[in-house]
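Take the sequence shown: its letters are residues 380 to 585, numbered as in this note's numbering.
Heads up, the beta-carbon is just placed ideally off N, CA and C, and yes, glycines get one too.
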Amino acid sequence: MRRFVVVGHNVNADGDFTLNDLCGGAGRLDVLLRCVTSAFFLSHGLRREVEVILHFPGQGGFQGLQPDGPKTVRLAGRELRYLNPDERSTGALVRTALLRKLPGPGERPSTPGIYVSRKSFDELVSSLPGPVQLAEDGEGWPPAGLPADTTFYLSDHHDFTPAEEESLRRANARRICLGPTSLHSHHCITVAHWLLDGGPSTGRPG
Ligand SMILES: C[S@@+](CC[C@H](N)C(=O)[O-])C[C@H]1O[C@@H](n2cnc3c(N)ncnc32)[C@H](O)[C@@H]1O
Numbered sequence: 380m381r382r383f384v385v386v387g388h389n390v391n392a393d394g395d396f397t398l399n400d401l402c403g404g405a406g407r408l409d410v411l412l413r414c415v416t417s418a419f420f421l422s423h424g425l426r427r428e429v430e431v432i433l434h435f436p437g438q439g440g441f442q443g444l445q446p447d448g449p450k451t452v453r454l455a456g457r458e459l460r461y462l463n464p465d466e467r468s469t470g471a472l473v474r475t476a477l478l479r480k481l482p483g484p485g486e487r488p489s490t491p492g493i494y495v496s497r498k499s500f501d502e503l504v505s506s507l508p509g510p511v512q513l514a515e516d517g518e519g520w521p522p523a524g525l526p527a528d529t530t531f532y533l534s535d536h537h538d539f540t541p542a543e544e545e546s547l548r549r550a551n552a553r554r555i556c557l558g559p560t561s562l563h564s565h566h567c568i569t570v571a572h573w574l575l576d577g578g579p580s581t582g583r584p585g
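So, in structure tokens, the structure goes:
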């Protein structure tokens, strides 16, 4: 299972935003939605052995206030339905999940294949296997490859906060760099898929 965890630092975790302003008032949710599309969509189909976990520390995360977070939305490729390649409809699915009432700490289903919880970033990092932080100052892609069960961590247009970096450090996450230039988060996912699929050494079978 390939997992991609993406943190949306400025998104209102209560889902209190309009789909008409995904890159403004929604706190750059557009960045995370492109990650969802890059993680799942093939030319004609979906990658089913993929999970995307969108983590929302809460609107005030940067100030240390967390009025509406943390929330975690998990999209499970094996069960996903109603996912389309456009940002607005994916934004609607994520917003529906964020609007779901969460009476307790457990994960609750939203729409098919999408789940929501109040998991913190630290809980995520300590529970998911094979942590790899995609980092511009990390080591190169390992020549021996990575295990099939790897969890990649990416940030949005901001760097990870010191507390997030500390969670990843405690989990002994590997820091891996995808090249000398700073890429968009969703491009990193495309590159990671390509490398995991076999990179330059693979052609079309047959
Ligand atoms: C747009 S970048 C981060 C923002 C950037 N530091 C800034 O604010 O100017 C988004 C994420 O993509 C990943 N990323 C970007 N370029 C990368 C690279 N060359 N290698 C590995 N990860 C990269 C990192 O996980 C980063 O958190």
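**OP:** Within the same chain, show all residues whose beta-carbon is closer than 7 Å to that of ASP528, passing over the 5 residues directly before and after it, in chain order.
**Re:** MET380, PRO508, GLY509
Subject >> GLY406 in three-state terms, based on DSSP >> reply: coil
**OP:** Just grab the DSSP bridge partners of HIS434 for me.
**Re:** VAL386, THR451
Subject >> Spatial neighbours of ASN551 in its chain, beta-carbon cut-off 8 Å, leaving aside the 5 residues before and after >> reply: PRO510
**OP:** Compute the Euclidean distance between the alpha carbons of HIS536 and THR475, then round it to the nearest angstrom.
**Re:** 23 Å
**OP:** Whole angstroms is fine: what's the gap from ASP538's alpha carbon to LEU408's?
**Re:** 15 Å
Original post:
Taking 6 Å as the line, does the beta carbon of LEU562 fall inside it for any heavy atom of ligand 1?
Top reply: yes
Original post:
How about VAL473 and VAL495: are their beta carbons less than 7 Å apart?
Top reply: no
Original post:
Considering only C-alpha positions, which residue in the set ARG497, LEU477, ARG583, SER499 is nearest to SER489?
Top reply: LEU477
**OP:** With DSSP as the reference, label GLU518 as helix, strand or coil.
**Re:** strand
Subject >> Segment limits, beta strand (DSSP E) that includes PHE500 >> reply: Premise fails: PHE500 lies in the alpha helix (DSSP H), 500-506, not in any beta strand (DSSP E).
Original post:
Straight-line CA distance for GLY492 to GLY517?
Top reply: 33 Å
Subject >> Reduced DSSP category for GLY440 - H, G, I as helix; E, B as strand; rest coil >> reply: Note that GLY440 has pLDDT 48, beneath the 50 cutoff, so the model's placement of it is unreliable and the number below is only indicative. Correct three-state label for GLY440: helix.
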